[in-house]
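Report on the structure given below.
Protein chains: 2
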Amino acid sequence: MNNRLLEQGKKAREAARFLSTVSASQKNDALVAMARALREGREEILAANAIDMENGKKQGLTAALLDRLLLSEARIEDMAAGVESVAALPDPVGEITRMWRRPNGLEIGRMRVPLGVVGIIYESRPNVTADAASLCLKTGNAIILRGGEEAINSNRAIARLISTAAQSCGIPEGAIQFVDSEDRADAIQLMKMHEYLDVLIPRGGKGLKAVVQENASVPVIMTGMGNCHTYVDEFADLEMAVRITVNAKTQRPSVCNATETLLVHEKVAADFLPVVAEELIQRGVELRGCKKARQILPHIKPATEEDWETEYLDLILAIRVVGSLEEAMQHIHRYGTMHTESIITSNYDNARRFLAGVDAAAVFVNASTRFTDGFEFGFGAEMGISTQKLHARGPMGLEELTTTKFIIFGSGQIRGQA
Amino acid sequence: MNNRLLEQGKKAREAARFLSTVSASQKNDALVAMARALREGREEILAANAIDMENGKKQGLTAALLDRLLLSEARIEDMAAGVESVAALPDPVGEITRMWRRPNGLEIGRMRVPLGVVGIIYESRPNVTADAASLCLKTGNAIILRGGEEAINSNRAIARLISTAAQSCGIPEGAIQFVDSEDRADAIQLMKMHEYLDVLIPRGGKGLKAVVQENASVPVIMTGMGNCHTYVDEFADLEMAVRITVNAKTQRPSVCNATETLLVHEKVAADFLPVVAEELIQRGVELRGCKKARQILPHIKPATEEDWETEYLDLILAIRVVGSLEEAMQHIHRYGTMHTESIITSNYDNARRFLAGVDAAAVFVNASTRFTDGFEFGFGAEMGISTQKLHARGPMGLEELTTTKFIIFGSGQIRGQA
């Protein structure tokens, strides 16, 4: 048991009580100060990041992971601008989403309030430290940040700068706290601190998800796992299908809403696959196909059961030819992670069947899976993309960082006969 | 590992896929058939209940628990009428709560869809079997019911009748399933079946809550724990305060929204306590007070730390005299279960401070805590009262048994530059 972590929990709980009644303008002042602190502290951040990069290279991190870890002046500027943009958003706290009067005269309202204390366990990208802290402060939540070991120096520097800046505006120290530890036991302890944490948001891959499912007693919002599919229907506009498939796979292959498996109706496979394959291979994509796909594209590798299950996050695409829309939906049902699924079709009924029958956070007709994103949806900010069904599903904006409470105005009402 | 339970999970998952697209009228037909089956099967239910009652008496259950367990013709009729009233409510599934267009022409809608498979672990009252099953069927969810051991015969009979009736209307067998086991290991296995269950709703006391927190990997909506307070402010209308306190404690003491501790401002304690004590004692309430309360009411028992923490669910009331509104709120913050809290005051600022500062599912001004209830709030039905912050907080109606998915209509949109 790490007592420092328990102390952090207690401080966060106290800070959350205070934050729940802080005015929007005070929170915004703090956010602006945090953005300034990031800009003014960029040398400190870059120096810390250089240590992480050096350690990462020594430990043999892949080029993709090193790129996620790397900070530059431009990336720090993006981070600061991100914090400022959160300041500019409306404060959801205190909004009464509905109010009604009951026959007995009670007036019942539903008011948005902060969740309380948010714990976040994340991997790699240090900008999450500033993003998550600013979204939580905006919504009146205290946050406990537990970043990946590989980014600990960068995260520590960022957290120190923004927490100090927020304190200079009267925000308590407990509001933004960083778990300065590389010990996995601490992450697991954090998952069990339900006395102090109201919600835990893990951002990472399969391994983290399994550890959280095994250990967490804090309520969890699972984010970010995306084994997404694009299904090209027999009635697809094939030119559009090529454009969308290429975009969904290659525009940014390392993110969760990139397409990992292409499903193609057998009636259009022979026309469609050679064209899309050429475009994809040109862009460096490795293709792996089922038996039928390889009859059309004999030069590609065979896909195995494991391929259907894998979120590559890389320039690799699995291809399966299916006999029907139903078969495509069954494949998605079996292998998908309920993140984002897209159908390309010009057929009204098939579009409706896909929309109704596919169980995912976001279901598209005739557009790239890459659009599942808080900014693209118009939410102005994003805490992650939830792949679970409770509380938040899909891109999480500020509202998803709040809960509600019922406020009831009476004039002496009692129930039934006392 | 109980394989029968795993089979039930698989069947529920399949049934949920089917249910998600069943029409409202088919679901309503099934609900009407279920109500009829309860009425026609009342002899069978009463015979099963007689066995449970006999076992309960042998095992020495308290009179209160036996009363919760007991079924009668009237209670079965209430159960059937409850199922019919669910049929009469609007179906929330398929509702588009919002739809908007993005600058790139994407049309994004948020649609209500079923959660999928709901597991419920409940104690004592057999009517929960019919209530929970009907609410889940209405919302297109499959349900796995795991009732208390003491009611297993009653629950089995009810579940068999309603499941058979639903099947006669084309609802699959997997939609309403009963865990026919008294083995606690099975309940724990159910809590871990995240592959098949989308949500687990425990309805019970502290013991169940602890077991769930320790074991569940399925996302949980915790319900029903209510250590509720009524605070009589220095500016209270004392006549109103007496009426509300008596109602909040005695109108139905065995339920979660009954008041368990009375907090009284010291400036009105001497006037208020003797009057309210007389009324309460007349109604058989045992009072336990802090030192200051006992200076005014010397004949009552002393209250200990344990009293502040206890949800009596009985005709017992703890009383504490406080020096300020802030002290009252601190007591609630420390001992409350974030269920229901009420202030009695005629002071505008104090009402606002209490509403803003108290973190609970329902916060009242000048009304009885007994009103926190799905029917009293006008929701028409209730699956339980959530005391957690994620997804559902307070009385859970039909909407809280749904989640949403984003549906997006495109015309070939791709993101950025491919």
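Chain order of the listed sequences is A and B. Everything in the first sequence is counted per numbering that gives the first Met the number 0, starting at 0 for the first residue and increasing by one. Everything in the second sequence is counted per numbering that gives the first Met the number 0, starting at 0 for the first residue and increasing by one. Cβ coordinates follow ideal geometry from the N, Cα and C atoms, glycine included.
### Task
Look at the alpha carbon of F17(A) and the alpha carbon of W307(A), and state the distance between them as a whole number of angstroms.
48 Å
### Task
Could you check if E277(A) is buried or exposed, using at least 16 other CB atoms within 10 Å of its CB as the buried criterion?
exposed
### Task
Report the residue from L312(A), S323(A), K300(A), E148(A) whose alpha carbon sits nearest the alpha carbon of Q58(A).
E148(A)
### Query
Counting contacts by CB-CB distance shorter than 8 Å, is L312(B) in contact with chain A?
Interface criterion not met: the Cβ of L312(B) is under 8 Å from no Cβ in chain A.
### Message
Between which two residues does the alpha helix (DSSP H) holding K404(B) run?
### Response
That residue, K404(B), is in no alpha helix (DSSP H); its beta strand (DSSP E) goes 401-412.
### Query
What is the DSSP secondary structure of E6(B), counted as helix, strand or coil?
helix
### Task
Hey, could you find the ends of the alpha helix (DSSP H) F353(B) is sitting in?
347-356 is the span of the alpha helix (DSSP H), which, as asked, contains F353(B).
### Query
Given that N365(B) touches chain A, what residues does it touch there, using C-beta distances under 8 Å?
F408, G409, S410, G411, Q412
### In DSSP terms, what Q25(A) is bridged to
Paired residue(s): none; Q25(A) is not in a bridge.
### Query
Using a C-beta to C-beta distance shorter than 8 Å, which residues of chain A count as neighbours of N154(B)?
Correct list: empty, because the minimum Cβ distance to chain A is about 26 Å.
### Message
Measuring only the C-alpha atoms, how far is A417(A) from V284(B)?
### Response
Caution is warranted here: a pLDDT of 42 is assigned to A417(A), below 50, making its placement in the model unreliable, and the coordinate value is therefore given only provisionally. Computed Cα separation, rounded: 13 Å.
### Task
Give a yes or no on whether the minimum CB-CB distance between S180(A) and chain B is below 8 Å.
no
#### Entry: L261(B), DSSP secondary structure in three states
Strand at L261(B).
### Task
Go ahead and label H298(B) buried or exposed: buried means 16 or more other beta carbons lie within 10 angstroms of its beta carbon, across all protein chains shown.
exposed
### Message
Please state the DSSP three-state secondary structure of Q387(B).
### Response
Under the three-state reduction of DSSP, Q387(B) is assigned to coil, being neither helix nor strand.
#### Entry: Buried versus exposed, by CB contacts within 10 Å (16 or more), S167(B)
exposed
### Minimum Cβ-Cβ distance from A403(A) to chain B less than 8 Å
Going by the sequence as given, residue 403(A) is Thr instead of Ala. Under the Cβ criterion of 8 Å, T403(A) is counted among the residues facing chain B.
### Task
Would you be able to state if there are at least three C-beta pairs under 8 Å between the segment 108-121 of chain B and the segment 185-193 of chain B?
Yes: the two stretches touch, three or more of their Cβ pairs being nearer than 8 Å.
### Where the alpha helix (DSSP H) containing Q188(B) begins and where it ends
183-190
### Query
So, helix, strand or coil for C135(B), using DSSP?
helix
### Task
Could you name the residues of chain E that Q7(B) contacts, counting a contact when the two beta carbons are closer than 9 Å?
This model lacks chain E altogether; the protein chains it does include are A and B.
#### Entry: Partner residues on chain A for H390(B), Cβ-Cβ distance less than 7 Å
L389, H390, listed in chain order.
### Message
On the DSSP bridge list, what partners appear for E340(A)?
### Response
H228(A), V362(A)
### Query
Exposed or buried, what is D232(A) when buried is set at 16 or more other beta-carbons lying within 10 Å of its beta-carbon?
buried
### Query
The alpha helix (DSSP H) with L324(A) in it runs from where to where?
Start and end: 324-334.
### Task
Give the DSSP-derived three-state secondary structure of A302(A) in the structure shown.
coil
### Query
My guess is that N349(B) and F234(B) are in contact by the Cβ rule of under 8 Å, so how many angstroms apart are they, rounded?
6 Å
### Message
So with CB distances below 8 Å, who are the chain A contacts of W99(B)?
### Response
Here the neighbours are G377.
### Query
Quick one: Cα of A63(B) to Cα of R251(B), how far?
When rounded, the distance between both Cα atoms is 12 Å.
### Message
Could you give the first and the last residue of the continuous beta strand (DSSP E) run that contains G396(B)?
### Response
No beta strand (DSSP E) holds G396(B); DSSP gives it neither H nor E.
### Beta-ladder partner(s) of T222(A), from DSSP
R202(A), S385(A)
#### Entry: For R287(A), the residue or residues it bridges with in DSSP
K300(A), A317(A)
### Task
Verify whether the separation of the beta carbon atoms of C289(A) and N256(A) is less than 8 Å.
N256(A) sits away from C289(A), with the two beta carbons spaced by 8 Å or more.
#### Entry: Outcome for G104(A) when other beta-carbon atoms lying within 10 angstroms are tallied against a minimum of 16
exposed
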